[in-house]
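So the protein sequences, as listed, match chains Y and R.
First residue of the first sequence: 654, per the numbering used here; consecutive thereafter.
First residue of the second sequence: 2, per the numbering used here; consecutive thereafter.
By construction, the Cβ of each residue, glycine as well, lies at the ideal position given by its N, Cα and C atoms.
Report on the following structure.
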Amino acid sequence: MKYNYYDLIVAGTGFASTFFLKKYLDKNKGGKRVLVLEKGQLFPHAERLKIKRGEHSDFSGINDVWEEKVININKEKKWPFTTGFGGSSNCWWGCTPRFMPSDFKMKTLFGVENDWPVSYEELDPYYEEAEVLMSISGPEGTPFPRKGKYPLPPHTFTAVDKILHQKYGNLYISQPTARASRAVQGGRNACMTHSACDVCAVDAKFTIENSNINVYNNEQVELVYGAEVYSLETVGNVAKKVNYVKDGKDFQISGEVIILGANPIFNANILLNSGDKNPFTGKGFGEQLGMQVLIYLDNMNNKGGSTWVNANGYMLYDGDHRKDYAACLIEVNNAPYNIRLERGKWLNMASFRMIFEDLPLLTNYITTSANKLVPEIHFKGRSDYAIKGVENMKKVLPGILSCLPVEKLKYLDPFPNEGHIIGGTRMGQSAADSVVDKNMIHHQYRNVFVLGSGSFTTFSASNPTLTLAALSLYSADHSF
Amino acid sequence: MKRRQFIVMAGIGTGLLILPPALYIASPSLRKYAGKLIREELQYLKLEPAGVDQYVNDYFNTSANNAMTNLRWKAFYYLGVNAERSGQIFELIKFYLLSTDFFIHKMDESKTVNYLGFYSPYKSPVPNPYSFLLYPQTD
């Protein structure tokens, strides 16, 4: 370490930390001491590509197996994540719809769970800033309020998309996405529809590595790899030191402000290891429920589309039904290639992924384990609210698709994961209902920020990354 | 339940096979049956013969290549299982087509289907068969 005391100590280099640091450094142009402790290593995209191609890479020995980093009690439920520089930006699919305004007011509008302490209107300018930083491709009209054009034009509709957009207007749109529809100045290429979004074959997807946000090469920032933060040393209601392991040895470092930007599982583990007694810490953990529907089309092919998630449908999202059952976001998939092996019907198919919001149940939670570095995940199951949403979808989807020549629908089993880990350090008005406040500052430890989707008050049906990035920008802007 | 149906359900559904040993010991080449399945399923297409064999070799060289895998493919052929009934046959044939110029030629049945190399999104010249790269927007 360069110093023995830092103005800011940050755990993690994923979306939450990076967007927070972006705003923090914009507002602090010099003289700050910022230490970033990254659990993993830099695993460059170019090296990931070599491995995908079956070529030699010096990085092939990197351990990025999520199952070895947590104790997952319910083996049927999966929680894949990536550690290392850039966090889950290395494996995300780049889906960036905003949340709907109603997602922030679930209690007021539907009597479900709690309202968020921050509103859509307050987040709006930070959504826009995040969309610019990620060079999002998207349409002019959206179901959520939004001014102006997205930085890049939308991806191309399929034949099915065109019909559904004509019928449902802005409730059926080209998906806003960080998979670039055009080459981006500074290095990202245009999406070539390879259907390999986890490690994009042409580096079209936004990652922290290709972002050009330039926070980790800022002269105020010192980045240390292989530093696994596991707890904070607190005195009264103030966190004084960060405890971490590097190369098998324990270390401590002192700081003024502590930023927890690990994923929700590890943020909760750090707080619980620190003696945090908030009754909600680690609780209400989970994610959305996803399942696939294959739509067999009669005498109609579905060609002409673009990227993996080509469109979003909001026909099952908002409305009074959310008093009783979950909102559903439709992700319209142009991959993997669900071709039909029937003569002349090769491309007569559409594929929808239906994503349902779930509730932050207290029966789903994170605890510590005997190993301070390894959290334990307890997931008992889905809420009735989400299950009822699935049942309703099956009843009404045929009617929604009545404008298409549907031959048959085939519902596949729900996926064991959605890749949207949420909850465990929820946001609210006070310690009586939550762990952090609207700026994601811990209610008790007022110099500790707990960033990321762990802070979401409710889950929404929309992909979480853009919202957690906007929340990081909002928090840093309002706190410094 | 007929015995044939039982064998299909018990053997292929669970990955276990109940077959007389002579059935596979006498065969000249176990991989041959996978090729036969492709040719039968796509009998209305003009498949470049050597390309099918090369694909099958590449397919089994890149997937689990063991006795049980080979037995399974032989059973598929002898028991008359087709792509509609087996996810594994579906995948075999789907990846065969993705590994050829069939979609590049926009599914033109009059053209010979040539093998281009085992499909990989990181290596292959074949784009997403649905994509605008093959079907540019005209409106």
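- In this structure Val985(Y) does not touch Asn1017(Y) by the C-beta definition: roughly 29 Å separates them, more than the 8 Å allowed.
- Take the alpha-carbon of Lys800(Y) and the one of Phe96(R): they are about 44 Å apart.
- For Phe1005(Y), no alpha helix (DSSP H) encloses it; the enclosing beta strand (DSSP E) starts and ends at 1002-1009.
- Between the alpha carbons of Glu862(Y) and Val877(Y) lies a distance of about 16 Å.
- Per DSSP, the beta-bridge partners of Tyr949(Y) are Met1002(Y), Lys1061(Y).
- Within the region 778-802 of chain Y, not one residue has a Cβ closer than 8 Å to any Cβ of chain R.
- Using a CB distance cut-off of 8 Å, Arg706(Y) counts as an interface residue toward chain R.
- With 16 or more other Cβ atoms inside 10 Å of its own Cβ, Gln941(Y) counts as buried.
- Between Ala849(Y) and chain R, the shortest Cβ-Cβ separation is below 8 Å.
- For Gln138(R), the C-beta contacts it makes with chain Y under 7 Å involve Thr809, Gly957, in order along the chain.
- Legend: CB atoms of the region 986-1013 of chain Y lying less than 7 Å from CB atoms of chain R belong to residues Asn987, Ala988, Tyr990, Ile992, Leu994, Arg996, Trp999, Leu1000.
- With 16 or more other Cβ atoms from the protein chains shown falling within 10 Å of its own Cβ, Asp814(Y) counts as buried.
- Residue environment analysis places Asn1116(Y) among the buried positions, since at least 16 neighbouring C-beta atoms fall within 10 angstroms of its C-beta.
- Annotated three-state conformation of Ile662(Y) is strand, per DSSP.
- Following the DSSP letters along the chain, one finds Asp814(Y) inside the alpha helix (DSSP H) bounded by residues 812-821.
- The beta carbon of Ser1132(Y) is closer than 8 Å to those of Asn1092, Ile1094, Phe1102 in its chain, skipping five residues each way along the sequence.
- Annotation for Phe919(Y): the continuous alpha helix (DSSP H) segment containing it runs 917-926.
- In the DSSP assignment, Val910(Y) falls within the unbroken beta strand (DSSP E) covering 902-913.
- When the Cα atoms are used, Arg832(Y) and Pro798(Y) turn out to be separated by approximately 22 Å.
- Take Phe668(Y), set aside five residues on each side of it, and the residues of its chain with a beta-carbon closer than 8 Å to its own are Gly740, Ser741, Ser742, Ile861, Gly1105, Thr1118, Leu1121, Ala1122, Ser1125, in chain order.
- Between Ala880(Y) and Tyr897(Y) a beta carbon distance of about 5 Å is seen, short of the 8 Å cut, so the two are scored as contacting.
- Proximity of Leu134(R) to chain Y, defined by a Cβ-Cβ separation below 8 Å, is satisfied.
- Remark: C-beta atoms of Ala1114(Y) and Phe1032(Y) do not approach each other more closely than 8 Å.
- For Phe696(Y), the secondary structure class from DSSP, reduced to helix, strand or coil, is coil.
- Checking the DSSP bridge columns, you'll see Ile724(Y) partnered with Glu1029(Y).
- Neighbourhood of Pro126(R) in chain Y, by CB distance below 8 Å: empty, with the nearest CB roughly 11 Å away.
- Around Pro792(Y), the same chain offers Pro807, Ile826, Ser827 as residues with beta carbons nearer than 7 Å, after the five sequence neighbours per side are excluded.
- As the crow flies, the alpha-carbon of Cys1056(Y) is around 15 Å from that of Asn954(Y).
- Here Ile662(Y) is buried: its Cβ has 16 or more other Cβ atoms, across all protein chains shown, within 10 Å.
- A distance of 8 Å or more separates the beta carbons of Gly943(Y) and Pro1013(Y).
- In this structure, Pro829(Y) is the residue among Tyr779(Y), Pro829(Y), Glu782(Y) with its C-alpha nearest to the C-alpha of Ile789(Y).
- Among the residues of the region 29-45 of chain R, those with a Cβ less than 7 Å away from any Cβ of chain Y are Glu42, Tyr45, in the order of the chain.
- Between Gly118(R) and Ser100(R), the gap from beta carbon to beta carbon is short of 8 Å.
- Its chain contains Ile724, Thr1020, Ser1022 as the residues whose beta carbon lies nearer than 6 Å to that of Glu1029(Y), once the 5 sequence neighbours on both sides are disregarded; these appear in chain order.
- For Glu1071(Y), the number of other beta carbons within 10 angstroms of its own is at least 16, and it is reported as buried.
- In terms of CA proximity to Leu982(Y), Phe752(Y) leads the group Phe752(Y), Phe1109(Y), Met787(Y).
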